[in-house]
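Report on the structure given below.
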Amino acid sequence: MIPVAIPIHLFLLAFENHTKMIHKYFYAFSISFLFAFSGVYGQSENQLTDQEQAYRDSIEALNAENERTAAAQDAYNAGIELFQNKKYKESIAQFNKAIEGDSSFQFAYFNKGVAQVEIEDFTSAINTFSILIGMNDEHEMAYFNRARAYQGLNNQEAAIADYNQVLFFNPKNENAYYNTGVAWFLLNDYLKAISMYDKAIRLNQNLSSAYNDRGSCYRMLQKYDLAIQDYSKSAELQNDQAFVHNNIGTTKKLMNDFEGAKNAYSRALSIDPKFFLAYSNRAAMFYEQGKYAEAEKDFTSCIKINPNYAPAYSGRCACKHKREEYGEAIKDCDKAIDLDQNYAGAYVNRGIAKEMLRDQVGACQDWTKGRELGSELARKYQVANCQ
């Protein structure tokens, strides 16, 4: 059969009619489907099948979980902002809200712990980091910051154990080596401390604090030349640290380089005029040199900056004794003892002043107390004058 050609306008019309039929059918199907679907949701709870109920419950649970997660994230973000503004207690409250919303929120635990360290709530910080480590026992920085919290409680052994764990995960963590060195120093194991500082310096040759602290180890080991070498390197790397120049001063004094010590203390005070320890140390050096007026002046400057520093009152007491102002000397020693009842040197100095005022009973009582506190000088005075 020869096909009959269909005029193009008839083809378009037919196609248009066909399309209209499809639209009508689709519309009818859509309406029917929606009615059928809405009929399902129109059922009562008792009419739902177990499968339908389980599905609905899972959707509701998922929605609730999403809401909790979103709220947890909002609280966490608020906590971070507060932390950055150094509002640590307020940030902890927000991190707690984040954890309530998501008990597995590791970032919230971590930052909460760091904030607790910042406010020196070390026991709580240890607990927080321990929970985090229980969730993730390879969390390097959780171990690191728990170690910091242990150091805050002066539990140096526990801190070292955590720093060792950090170094197991990351042998190139210079701060872990440095902090381990600090822990060994505080445990009076200066050789182990030096070993840790050596490793920190090998990783970062510009770590000023490591040179300073290694210098302090050498000073404790009476290796004064090495101590000065390290202190000088620390000052070279960061010359605005008053305490480094103070350390140079104390070491040079031990080497009987009084002029060098004086210059170092003066340099420390030029950097930080309120660095009371430099005044106290320079005063003690002046006293040792017999420069009592200069010593008293520096002790007074120290007291003006820090009126709660007992050694400065005891030192000024000794200076006033040299000027035979025994009553005033006793007042200063009284103040030193009020501030620190276990300060043996103040009892020794007050006893000397009392003896000069012919208060032998009071003097012997002070020397006896000083001896009980471990002062060898107090023992000598007691043996010589109180038998």
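Reading the sequence shown from the start, the letters are residues 849 to 1235 in our numbering.
Every residue, glycine too, gets a C-beta built ideally from N, C-alpha and C.
Thinking C-beta only, is Ala990 closer than 8 Å to Phe977? yes
Identify the continuous alpha helix (DSSP H) that holds Leu1046 and give its terminal residues. Reading off the sequence shown, one finds Asp at residue 1046, where the question assumed Leu. First-last of the alpha helix (DSSP H) with Asp1046: 1038-1051.
Assign Ser952 to one of three DSSP states: helix, strand, or coil. coil
Determine the DSSP secondary structure at Ile967, reduced to helix, strand or coil. coil
Could you check how far apart the C-beta atoms of Phe804 and Tyr924 are, in whole angstroms? I think they sit under 8 Å. Outside the modelled stretch of the chain, which goes from 849 to 1235, sits residue 804, for which no answer is possible.
Less than 8 Å separating the beta-carbons of Ala1109 and His1093? no
Looking only at its own chain, which residues have a Cβ that is under 8 Å from the Cβ of Ser1057, when we skip the five neighbours before and after it? Tyr1026, Ser1082
Looking only at C-alpha atoms, which of Asn1021, Arg1067, Lys1020, Asn1018 sits nearest to Ile1042? Arg1067
Find out if the Cβ-Cβ distance for the pair Ile967, Lys937 is shorter than 8 Å. yes
Over what stretch of residues does the alpha helix (DSSP H) that includes Pro1159 continue unbroken? 1158-1170
What beta strand (DSSP E) runs, 3 residues minimum, are completely inside the stretch 1003-1043? none
Give the DSSP-derived three-state secondary structure of Gly1138 in the structure shown. coil
Would the beta-carbon of Gly1063 fall within 8 Å of that of Ala1075? yes
For the alpha helix (DSSP H) that Cys1065 lies in, which residues bound it at each end? 1056-1068
Within 8 Å, do at least three Cβ pairs link the stretch 1166-1175 to the stretch 1201-1208? yes
Between the beta-carbon of Ala1166 and the beta-carbon of Cys1150, is there less than 8 Å? no
For Glu1144 and Lys1170, the rounded distance between their alpha carbons: 10 Å
Beta-carbon separation of Lys960 and Asn944 under 8 Å? yes
Where Gly982 sits in the DSSP three-state scheme: helix
Could you tell me the distance, in whole angstroms, from the CA atom of Asn1021 to the CA atom of Thr1028? 11 Å
Which first and last residues belong to the alpha helix (DSSP H) in which His987 is found? Run containing His987: none; DSSP gives neither H nor E here.
Where the alpha helix (DSSP H) containing Leu1187 begins and where it ends: 1174-1187
So, Asp969 versus Thr917, is the Cβ gap smaller than 8 Å? no
Could you tell me the distance, in whole angstroms, from the CA atom of Thr1216 to the CA atom of Ala1194? 12 Å
With distances taken from CA atoms, which of Asp1073, Ala973, Ala963, Asp1078 is nearest Asn1060? Asp1078
Considering Cα atoms alone, identify which of Gly1199, Ala941, Lys1100 is closest to Leu930. Ala941
With DSSP run on the structure shown, which of helix, strand or coil describes Cys1234? coil
Backbone secondary structure at Lys1071 - three-state DSSP: coil
Using only the alpha-carbon positions, how far apart do Asn1118 and Asn1104 sit? Note that residue 1118 is Ser in the sequence shown here, rather than Asn. Rounded to whole angstroms, Ser1118 to Asn1104 spans 23 Å at the Cα level.
Own chain residues within Cβ distance below 6 Å of Val1115, not counting five before or after: Before going further, note that residue 1115 is Arg rather than Val in the sequence given. Excluding positions up to five away in sequence, the list reads His1093.
Contacts around Val852, its chain only, beta-carbon distance under 6 Å, and the 5 residues preceding and following it disregarded: In this prediction, Val852 scores a pLDDT of 35, lower than 50, which makes its location untrustworthy; no coordinate-derived value is stated.
What's the gap between the Cα of Ala1090 and the Cα of Asn1233? 43 Å
For Val1231, does the count of other Cβ atoms within 10 angstroms reach 16, so buried, or fall short, so exposed? exposed
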